[in-house]
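Novice:
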Amino acid sequence: MTERHIIFVPGKNPKPPPEAHRRALWRTLVEGVRRAEPAVAESLADAHEQFHLAAWNYLFYRTYKDINRDLPWIDALIHQHGPTPQDIREARSWQYRLAWLLFQIADHLPFLIPLMPAHIRNMAAETRRYFVNQYDIACE
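If you count the sequence shown from 1, you need to add 46 to reach our numbering.
(1) Would you kindly report the start and end of the unbroken alpha helix (DSSP H) that includes H165?
(2) Going along the chain, which residues of its own chain have a beta-carbon closer than 8 Å to the beta-carbon of R73, five neighbours each way excluded?
(3) Which whole-angstrom value describes the C-beta separation of A67 and L99, a residue pair presumed to lie in contact below a C-beta threshold of 8 Å?
(4) Using 10 angstroms around the beta-carbon of M47, count the other beta-carbons present and answer buried if the total reaches 16, otherwise exposed.
(5) Kindly give me the distance between the Cβ atoms of A170 and A152, rounded to whole angstroms, as I take these residues to be in contact under 8 Å.
(6) Just the Cα atoms here: how many angstroms apart are E49 and I166?
(7) Assuming P60 and T109 form a contact by the criterion Cβ under 8 Å, report the distance between their Cβ atoms to the nearest whole angstrom.
(8) DSSP three-state label for V55, please.
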């Protein structure tokens with residue numbers, strides 16, 4: 047695998063410092079591949095130098111997220127092998143389905159965003175900020 051590289055570009059919101067973020071991502075990537083293709087995971091595990099993180103988030107947000115709050119959840123995810131009954135209940139709940147529907151409506155009819163619940167309005171504002179490129183931040 048020495049000729050192939052993986053470049054991970056994180057999504058919006060502040061992220062942990064790059065090296066800590068990269069280590070956590072690598073752990074979860076290797077574990078996910080191990081579950082799907084154990085033979086591939088064996089060769090992948092030794093290729094950590096070919097895993098690159100395009101850590102742009104600090105340039106945009108000017109802050110890092112503390113990874114220590116996420117580490118127990120990452121460990122739990124790695125040691126959990128499939129959804130729990132509670133996970134399935136939550137995914138099938140009417141609250142989850144309603145939230146999904148509201149996101150779809152707001153995405154297609156943005157003039158309705160001011161009428162949406164606060165968490166959807168906040169997410170829309172953050173997404174708008176992400177795409178506006180204020181002060182030409184994307185060019186730094």
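All C-beta atoms in this analysis are idealised placements derived from N, C-alpha and C, irrespective of residue type, glycine included.
Specialist: Quick answer:
(1) Stepping through the sequence shown from its first residue, residue 165 is reached at position 119. H165 -> alpha helix (DSSP H) spans A164 to V178.
(2) Taking the sequence shown and counting its residues from 1, the one referred to as residue 73 is at position 27. Around R73: I120 and I124.
(3) As a working mapping, residue 67 is identified with position 21 in the sequence shown. As a working mapping, residue 99 is identified with position 53 in the sequence shown. Residue identity check: residue 67 is His in the sequence provided, not Ala. H67 to L99, Cβ: 6 Å. Contact.
(4) Mapped onto the sequence shown, residue 47 falls at position 1. The predicted model places M47 with a pLDDT of 47, which falls under 50 and marks its position as unreliable; any figure quoted below should be read in that light. So M47 ends up on the exposed side.
(5) By 1-based counting over the sequence shown, the position of residue 170 is 124. By 1-based counting over the sequence shown, the position of residue 152 is 106. Contact holds; Cβ gap of about 6 Å.
(6) For the purposes of this step, residue 49 is identified with residue 3 of the sequence shown, where counting begins at 1. For the purposes of this step, residue 166 is identified with residue 120 of the sequence shown, where counting begins at 1. Approximately 43 Å between the Cα atoms of the pair.
(7) Position 14 of the sequence shown, counting from 1, holds the residue named residue 60. Position 63 of the sequence shown, counting from 1, holds the residue named residue 109. Contact flag correct, Cβ pair sits at about 5 Å.
(8) Start at 1 with the first residue of the sequence shown, and residue 55 comes out as number 9. It is coil, neither helix nor strand.
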